[in-house]
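Right, one structure below, let's go through it.
Residue numbers (my numbering): -4 to 139.
Below, the structure written as structure tokens:
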């Protein structure tokens, strides 16, 4: 029982920045991982989630976009109208890296989560590999 309670508290604390973003209208979040900092836009509205990084010609080196996923058994992404090669990361509710998938520009190939995920993070292709960040590592969110 205590373990379940602790898990619930941890989940609430880790999701606090996302709730603050939704309440304040702030659209950016910082992630710290292995002395790296990643500045991400947060796709809060259904329109922002649907548009994602479409129609952009570039993405700063340490930037990305975070998607808050609706609970459903299978989450999938594609690259329709997206010109930047991206790596898609699926994250659990604690921002632990579960899966990586490289996506090619303008492809309609589906890239789906292998397991339940709470967040998806798109970054420049190869960003995780370049910074030696591997599956199982946790990203630490904070407000800018």
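Ideal placement from N, C-alpha and C gives every residue a C-beta, glycine not left out.
Per-residue burial, residue i [other beta carbons within 10 Å of its own, 16 or more giving buried]
i: residue 48; result: buried
i: residue 128; result: buried
i: residue 117; result: buried
i: residue 45; result: exposed
i: residue 136; result: buried
i: residue 67; result: exposed
i: residue 35; result: buried
i: residue 86; result: buried
i: residue 131; result: exposed
i: residue 138; result: exposed
Contacts around residue i, its chain only, beta-carbon distance under 6 Å, and the 5 residues preceding and following it disregarded
i: residue 96; result: 83, 106
i: residue 98; result: 74, 81, 83, 106
i: residue 27; result: 135
i: residue 72; result: 83, 106
Spatially closest choice to residue i from the options, by CA coordinates
i: residue 80; options: 101, 36, 133, 41; result: 101
i: residue 23; options: 29, 52, 40, 61; result: 61
i: residue 122; options: 91, 43, 54, 87; result: 54
i: residue 70; options: 39, 94, 25; result: 94
i: residue 124; options: 111, 92, 103; result: 92
i: residue 39; options: 126, 130, 115, 131; result: 115
i: residue 103; options: 77, 111, 110; result: 77
Span of the alpha helix (DSSP H), counted from its first residue to its last, around residue i
i: residue 62; result: Taken as a continuous stretch (DSSP letters only), residue 62 belongs to no alpha helix (DSSP H), being part of the beta strand (DSSP E) at 58 to 63.
i: residue 45; result: 41 to 46
Spatial neighbours of residue i in its chain, beta-carbon cut-off 7 Å, leaving aside the 5 residues before and after
i: residue 56; result: 119
i: residue 19; result: The predicted model places residue 19 with a pLDDT of 46, which falls under 50 and marks its position as unreliable; any figure quoted below should be read in that light. Nothing listed; no residue qualifies.
i: residue 113; result: 64, 86, 87, 88
The beta strand (DSSP E) enclosing residue i, as first and last residue numbers
i: residue 123; result: Run containing residue 123: none in the beta strand (DSSP E); it sits in the alpha helix (DSSP H), 122 to 125.
i: residue 26; result: 23 to 28
i: residue 110; result: It is not in any beta strand (DSSP E) - residue 110 carries neither H nor E in the DSSP assignment.
i: residue 137; result: 135 to 137
i: residue 98; result: 92 to 98
i: residue 54; result: Here residue 54 belongs to no beta strand (DSSP E), and DSSP marks it neither H nor E.
i: residue 83; result: 81 to 86
Cβ neighbours of residue i in the same chain (closer than 8 Å, five flanking residues each side left out)
i: residue 133; result: 28, 89, 90, 91, 92
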